[in-house]
Amino acid sequence: MVPAPDAANPVCASVILALPQSLAGLHRISTTSQGTAAWGDTTTSVVLRCGATPLGPTTDPCVTITDAAGTSVDWVVTANGSRAGGSWAFVTYGRTPSVELTIPQALAAEQPDTILMEVGQAADVVPPTRACT
């Protein structure tokens, strides 16, 4: 797995430490790249990379996901990720460094909201500076 460009950002270490050990019933698996995490197995896994390049203005859909604790994180469904290649691809919006999450459709069924909620507490370690409108 290739680390994100800003994976060495100290905030990414805090994000990775705040991630859950299981995600949507999948167990966390080890990764060898800084600022990364994965859940599943070696053939099908949810992949998170902290330190992704922050998005500027975009026409891609931006959604706010709020978990039961009230933590809200804005995610952009990237143009090349919306069901492309059998995966959903999301990048946090308004946070630097950004967190990127790739979810195979086979693991997310039709809606990946539950997985986004489960990583929301960790993504919220990066303070927001902008919000979806």
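This note's numbering puts the sequence shown at residues 20 to 152.
In this text, a Cβ means the ideal position worked out from N, Cα and C, and glycines have one as well.
Buried versus exposed, by CB contacts within 10 Å (16 or more), residue i
i: Asp143; result: buried
i: Pro116; result: buried
i: Leu67; result: buried
i: Leu36; result: exposed
Residue i versus residue j: straight-line alpha-carbon distance, rounded
i: Ser49; j: Val65; result: 12 angstroms
i: Leu91; j: Cys151; result: Checking the sequence, you will find Ser at residue 91 rather than Leu. Using only the alpha carbons, I get a separation of about 11 angstroms.
i: Pro73; j: Pro131; result: 21 angstroms
i: Gly89; j: Gly75; result: 26 angstroms
Test item: CB-CB of residue i and residue j under 9 angstroms
i: Trp94; j: Thr85; result: no
i: Thr77; j: Gly113; result: no
i: Glu119; j: Leu42; result: no
Cβ shell of residue i (< 7 angstroms), same chain only, five flanking positions each side left out
i: Gly59; result: Leu45, Ile48, Val65, Leu126
i: Val21; result: Ser52
Beta-carbon contacts of residue i that lie in its chain and below 6 angstroms, excluding the five residues immediately before and after
i: Ala26; result: Gln53, Gly54, Gly70
i: Gln40; result: Arg47
Close-in-space but distant-in-sequence residues of the same chain around residue i (CB under 8 angstroms, 5 per side omitted)
i: Val30; result: Cys69, Pro116, Val144, Val145
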